[in-house]
Amino acid sequence: MTGAEKTGKSPRFYPAEDAKPSKPTYRVRQNPPKIRKSITPGTVLIILAGRFRGKRVVFLKALESGLLLVSGPYKINGVPLRRINQAYVIATSTKIDVSGADVSKIDDAYFGRANDAPKAEGEDEFFEGDAPKPAVVSDQRKADQKAVDDVLLKTIGATEMLEGYLAAHFSLSSSDKPHLMQF
991 MTGAEKTGKS PRFYPAEDAK PSKPTYRVRQ NPPKIRKSIT PGTVLIILAG
1041 RFRGKRVVFL KALESGLLLV SGPYKINGVP LRRINQAYVI ATSTKIDVSG
1091 ADVSKIDDAY FGRANDAPKA EGEDEFFEGD APKPAVVSDQ RKADQKAVDD
1141 VLLKTIGATE MLEGYLAAHF SLSSSDKPHL MQF
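Oh and the sequence shown: position 161 is 1151 in the working numbering, straight run, nothing missing.
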């Protein structure tokens, strides 16, 4: 019984006749994104956007989020271990052996940021402004980068002219027709 039925008074609100009952809400589970067939571990990719656009990198593995784990290697072209969306890369036909690189411990959580830094409050926050914070790379990241790069550099050094290919910057001129090119 509702409150109006108990007291004998008529309710103050009458529901509209055309009101649809609310549907139960539940979470939709998304399927993991599919990686293009042309992108396999060891494939050399060309980055199309972002800070490292035009750089050639080596694909190491697909992460659970659907992003690609790539590395320059850092010593050759300055690209560290990074996650990149596959929409922003071109897969080339060049492949190298990356079976010796242990990237099993690197996942999406590896790239998360820690919120350990205390926030400034009041006047300190105001006068701090938008000053950029110096980016400090952890010793763990440096060690992981070195371990992956050592394996990649051995493989790259064994192949003739591959180091120069990875170091070269990719660009197109006005006369280039990218739809006719084979990468």
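Here a beta-carbon is modelled for each residue, glycine too, at the ideal position from N, C-alpha and C.
For the pair glutamine 1135 and methionine 1151, the Cα-to-Cα distance works out to about 23 Å. Counting the other Cβ atoms within 10 Å of the Cβ of proline 1001 gives fewer than 16, which makes it exposed.
Taking a contact to require three or more Cβ pairs closer than 8 Å, the segment 1037-1045 and the segment 1151-1167 qualify as touching.
Between leucine 1058 and isoleucine 1080 the beta-carbon gap is near 12 Å, outside 8 Å, which marks them as no contact. Our two residues, lysine 1095 and aspartate 1114, have alpha carbons roughly 39 Å apart in a direct line. In terms of CA proximity to serine 1061, Arg1073 leads the group Leu1053, Glu1054, Arg1073. By the neighbour-count definition (other C-beta atoms within 10 Å, threshold 16), leucine 1170 is an exposed residue.
Across the structure, asparagine 1067 and asparagine 1021 are spaced so that their CA atoms are roughly 34 Å apart. Of the candidates Asn1075, Lys1085, Phe1003, Lys1085 places its Cα closest to the Cα of tyrosine 1155. Tyrosine 1064 and glutamine 1076 have their C-alpha atoms some 20 Å from each other.
Of the residues assessed, phenylalanine 1173 falls on the exposed side of the cut-off, its CB having fewer than 16 other CB atoms within 10 angstroms. When DSSP reads this structure, alanine 1148 sits in no beta bridge, so it has no partner. Contact between the segment 1088-1102 and the segment 1044-1052 is established, with three or more Cβ pairs separated by less than 8 Å.
Taking 8 Å as the cut-off, the beta carbon of valine 1141 is found closer than this to the beta carbon of glycine 1090. Following the DSSP letters along the chain, one finds lysine 1027 in no beta strand (DSSP E), marked with neither H nor E.
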